[in-house]
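Take a look at the structure set out below.
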Amino acid sequence: MTADAPPSPQGPTAASPARKARAARWARGLTGVVIFLAIAEALGLTGAIPQSVLPLISTVLGHAVQLLGSGRFLADLGATLGAWAVGLALTVVAGVPLGVLLGSLPGVRVATRAIVEFLRPIPSVALILLVSLVLGPGLRMSVTLIVYGAIWPVLYNTMAGLDDVDPVAKETHRAFGFSRIDTIRMVSLPSAAPFIATGIRLASSVAIILDIGAGYITGRINGAGLGAFIADYSSGAGNLPVILAATLWAGILGLVLDRTILAAEHRLLRWNHTRLAEVS
Amino acid sequence: MSRLNWLWRWVVLAAGVGAWQLWASGRHSPFFPPPSAIVARMYHLWFSGPASHVFLTADATGNVLPSIWRTLAGLAIATVIGVPLGVAIGRSRAMSDYLEPLLQFGRALPVVTLAPVFLALFRIGNQMEIATIAFGTIWPILLNTIDGASSVDPVQLETARAFRLSARERLTRLIIPSALPKIFTGFRLSLSLALILMVFSELVGSSNGIGYEMLNAQNSFDLTELWCTIVLLGILGYLLNAILNGVQRSALAWHRGARGAEAG
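Chains as they are written, first to last, in this note's numbering: chain W, 30 to 309; chain A, 134 to 397.
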């Protein structure tokens, strides 16, 4: 349910009552969505919310369908997806080793703590203007911002995961004569994997927000992307339905990416399911 | 030992700043002013005011204070709505089932895309910014509260019933306290999100605030001032986080086993 709590494990061999319960939940969720849409439409039609303030849901949905036929929108959607992928990949490649370094060498962690705690709270959007002056607009700028903003959840969750490793397992492994690096690779990292996966999911949503935010503030000059798309349309007065339709797709994109990472996590960490459920 | 750690930590920070100072003053890059120049400008910009204004300048009271106020107001609204709503939804299995897809979608919605919508709905300035911050920060609080309230130990609930605790007592003595660690997790995520949205909404539509000041600095190519605002935001985030840590420590002092992934 939450940003950081994987749902309880549901093995591939889940019995049919479990499957039935899941179907019931789906039905309820779908009902909830339909009721919500109906209420929103009714509020607009009766004039409780003037249509000049907020367009009808049906209008927004209509535009959302039309957008799928717009080459420019699809190109922008693709560009955001690309920046997300590159940014998130770099974040993981930089964040996990850094987290392992800080998590397994207490001396380094203590020493760098003040620096990390000053850097972390700087909101990454605050860097948009600086980075756009230093690097110039474009993919390089978006990716730099994404890595800066998204690395913290990966870093902190990797460290938390390493803290959580069973010391007996580590000591036992060491006692068999394995080197420290082998122990990290064969015991600590697998044990910390669920934490790292949670960090990557948080990082993924940060990455999308930052790419769209940077594109929106810098505009088309930053290249294609959903942010630029919305910036293009935000100048006109009657464009609210299109903006809301694009927002709808942005939300769906975020949801799909989140579920994809979650599914990958469950697949890759199936052996670790009992632990997965424990991660808070 | 811990005092030594503490000292060591600040020595490393000082060394880092010193290295930056040496590097920047040797290079004279317009993009990377030395820390000494940034600190001097920060003092001049914000803290060189008259004693009657606690040494705050007009710029500080006109730009920095409104930003802080909006951040806190947005977070307060998100908390006041999110926590009770979260407890109510979390205690009802059916309600959570009906609302789950909508709530997940709300969380996934990149709130930055809604800035033009909020600009159209609200007046530029406080209204629009507080609405953006509140809308964006409510999801982590809401979803974590739901999770916390729905995972109260059933044995404890049964015990509370057996001891004939009223519904109200069960809520205040059992459900809220056991949901509290989760609520704090959500609040921590919301706090950093609030700062992001504060800056973002001020960059997009505002006539004052830290974000507005950044935009001015960028337009006049005043990189030192731009760096000042970035450092100020870092300090602000650090302080807000430290306050939250203090509150959490005293609120969860009973919760010895509080642990779990620190979620950036």
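Beta carbons: idealized from backbone N, C-alpha and C, even for Gly.
DSSP-derived helix/strand/coil call for residue i
| i | result |
| --- | --- |
| Arg226 of chain A | helix |
| Val144 of chain A | helix |
| His92 of chain W | helix |
| Leu189 of chain A | coil |
| Asp193 of chain W | coil |
| Gly228 of chain W | helix |
| His161 of chain A | coil |
| Ser153 of chain W | coil |
| Pro135 of chain W | helix |
| Pro168 of chain A | helix |
| Thr120 of chain W | helix |
| Ser99 of chain W | coil |
| Arg203 of chain A | helix |
| Pro219 of chain W | helix |
| Asp33 of chain W | With a pLDDT of 46 at Asp33 of chain W, under the threshold of 50, the predicted position of this residue should be treated as unreliable, and no value is reported. |
| Leu208 of chain A | helix |
| Thr75 of chain W | coil |
Option in the options with minimal Cα separation from residue i
| i | options | result |
| --- | --- | --- |
| Leu159 of chain W | W:Thr247, W:Val285 and W:Ala226 | W:Thr247 |
| Ala209 of chain A | A:Val364, A:Arg294 and A:Phe268 | A:Phe268 |
| Gly132 of chain W | W:Gln95, W:Gly190 and W:Tyr177 | W:Gly190 |
| Asn352 of chain A | W:Ser161, W:Glu294, W:Tyr185 and W:Ala140 | W:Ser161 |
| Pro79 of chain W | A:Leu276, A:Leu324 and A:Leu254 | A:Leu254 |
| Leu277 of chain W | W:Leu297, W:Gly73, W:Leu96 and W:Glu70 | W:Leu96 |
| Val89 of chain W | W:Ile272, W:Ile68, W:Lys199 and W:Val172 | W:Ile272 |
| Ile376 of chain A | A:Phe317, A:Val332, A:Thr357 and A:Leu330 | A:Phe317 |
| Leu178 of chain A | A:Arg321, A:Cys361 and A:Ile263 | A:Cys361 |
| Ala282 of chain A | A:Leu205, A:Asn374, A:Thr292 and A:Ala312 | A:Ala312 |
| Gly178 of chain W | W:Ala243, W:Phe207, W:Arg54 and W:His202 | W:Ala243 |
| Pro15 of chain W | W:Gly61, W:Leu255, W:Leu298 and W:Ala236 | Because chain W is modelled from 30 through 309, residue 15 of chain W falls outside the range shown and cannot be assessed. |
| Ile308 of chain A | A:Gln289, A:Leu326 and A:Ser325 | A:Gln289 |
C-beta contact flag for residue i and residue j at 9 Å
| i | j | result |
| --- | --- | --- |
| Gly319 of chain A | Pro273 of chain A | yes |
| Asn138 of chain A | Glu346 of chain A | no |
| Leu81 of chain W | Leu252 of chain A | One point to set straight first is that residue 81 of chain W is Ser, not Leu, in the sequence displayed. No. |
| Leu242 of chain A | Gly280 of chain W | yes |
| Gly370 of chain A | Leu336 of chain A | no |
| Asp105 of chain W | Ile175 of chain W | no |
| Leu156 of chain W | Ala232 of chain W | no |
| Ile229 of chain W | Val121 of chain W | yes |
| Ala248 of chain A | Tyr245 of chain W | yes |
| Phe258 of chain W | Phe147 of chain W | no |
| Ile266 of chain A | Leu236 of chain A | no |
| Gly128 of chain W | Leu168 of chain W | no |
| Arg294 of chain A | Arg301 of chain A | no |
| Val332 of chain A | Leu366 of chain A | yes |
*What residues in the region 344 to 360 of chain A bring their beta carbon closer than 9 Å to a beta carbon of chain W?*
Across the region 344 to 360 of chain A, CB contacts with chain W closer than 9 Å involve Gly344, Met347, Leu348, Ala350, Gln351, Phe354, Leu356, Leu359 and Trp360, in sequence order along the chain.
_Residues in the region 122 to 156 of chain W having any Cβ partner in chain A nearer than 8 Å_ = If the cut-off is 8 Å between Cβ atoms, the region 122 to 156 of chain W has Val139, Ala140, Thr141, Arg142, Ala143, Ile144, Glu146, Phe147, Leu148, Arg149, Pro150, Ile151, Pro152, Ser153, Val154, Ala155 and Leu156 near chain A.
*Tell me the start and end of each unbroken alpha helix (DSSP H) in the region 243 to 284 of chain W that is at least 4 residues and wholly inside, in chain order.*
Residue ranges of uninterrupted alpha helix (DSSP H) with 4 or more members, entirely inside the region 243 to 284 of chain W and ordered along the chain, are 255 to 263.
*Contact set between the region 184 to 196 of chain A and chain W, restricted to residues whose Cβ is under 9 Å from the partner*: Listed by position along the chain: nothing, the set is empty.
_If the cut-off is 9 Å on Cβ atoms, which residues from the region 238 to 268 of chain A count as contacting chain W, listed in chain order?_
So the list reads Phe238, Gly239, Arg240, Ala241, Leu242, Pro243, Val244, Val245, Thr246, Leu247, Ala248, Pro249, Val250, Leu252, Ala253 and Leu254, given in the order they occur along the chain.
*Which runs of the alpha helix (DSSP H), 4 residues or longer, sit entirely within the region 233 to 285 of chain A?*
Listed in chain order, they are 248 to 254 and 259 to 283.
_Members of the region 156 to 177 of chain W near chain A, C-beta cut-off 9 Å_ = If you check each beta-carbon in the region 156 to 177 of chain W against every beta-carbon of chain A, the ones closer than 9 Å belong to Leu156, Ile157, Leu158, Leu159, Ser161, Leu162 and Val163.
_Start-end ranges of the alpha helix (DSSP H) lying completely within the region 305 to 385 of chain A, minimum 4 residues_ = Entirely contained in the region 305 to 385 of chain A, the alpha helix (DSSP H) runs reaching 4 residues are, in chain order, 309 to 337, 343 to 352 and 356 to 384.
_Within 8 Å of chain A by C-beta, residues of the region 65 to 85 of chain W in sequence order_ = If the cut-off is 8 Å between Cβ atoms, the region 65 to 85 of chain W has Phe65, Val82 and Leu83 near chain A.
*Taking a Cβ distance cut-off of 8 Å, strictly less, list which residues of the region 222 to 233 of chain A are near chain W, in chain order.*
Listed in sequence order: Ala227, Ser229, Asp230, Tyr231, Leu232 and Glu233.
_Residues, ordered as in the chain, of the region 49 to 65 of chain W that lie near chain A by beta-carbon distance below 8 Å_ = Along the region 49 to 65 of chain W, the positions whose C-beta sits under 8 Å from a C-beta of chain A are Ala53, Arg54, Arg57, Gly58, Leu59, Thr60, Gly61, Val62, Ile64 and Phe65, read in chain order.
*Which residues, in chain order, does the region 163 to 174 of chain A contribute to contact with chain W at a C-beta distance below 7 Å?*
Listed in chain order, the positions of the region 163 to 174 of chain A with a beta carbon within less than 7 Å of a beta carbon of chain W are Phe164.
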